[in-house]
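J.: Sending over a structure as structure tokens; questions will come in a sec.
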Amino acid sequence: MRKNHAEPAALETIYDVSADWAKRAYVNDAKYREMYAHSVKDPNGFWAEHGKRIDWIKPFTKVENVSFAPGNISI
3 MRKNHAEPAA LETIYDVSAD WAKRAYVNDA KYREMYAHSV KDPNGFWAEH GKRIDWIKPF
63 TKVENVSFAP GNISI
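According to this note's numbering, the stretch in the sequence shown is residues 3 to 77, in order.
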């Protein structure tokens, strides 16, 4: 179990992949760690940045819209 949420859960179990698979990966280990650290340190900034990679019908104006109010559970 993770002692600190700043450590990626994926580090608990590491699976080897073939060299061909690794060569085609979009993110290497160093980039993953960098992205993960950014997502933990500044979640809204992280998702604002990555949300721009999606084509939206209308650009989003709010990164986080979470409600756990009774009868209105939306994430």
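Just so it is clear, CB atoms sit at the ideal spot from N, CA and C, and this is done for glycine as well.
Mind checking which residues open and close the alpha helix (DSSP H) that includes residue 41?
T.: That run of the alpha helix (DSSP H) goes 31-43.
J.: State the Cα-Cα distance for the pair residue 68 and residue 26, rounded to the nearest angstrom.
T.: Distance between the alpha carbons of residue 68 and residue 26 is about 35 Å.
J.: Using only the alpha-carbon positions, how far apart do residue 23 and residue 71 sit?
T.: Taking the straight line from one Cα to the other gives about 43 Å.
J.: Please identify the residue among 65, 30, 34 whose C-alpha is closest to the C-alpha of residue 47.
T.: That would be 65, whose Cα lies nearest to the Cα of residue 47.
J.: What residue does the beta strand (DSSP E) around residue 71 start on, and which one ends it?
T.: Looking at the DSSP string, the run of the beta strand (DSSP E) that includes residue 71 is 69-71.
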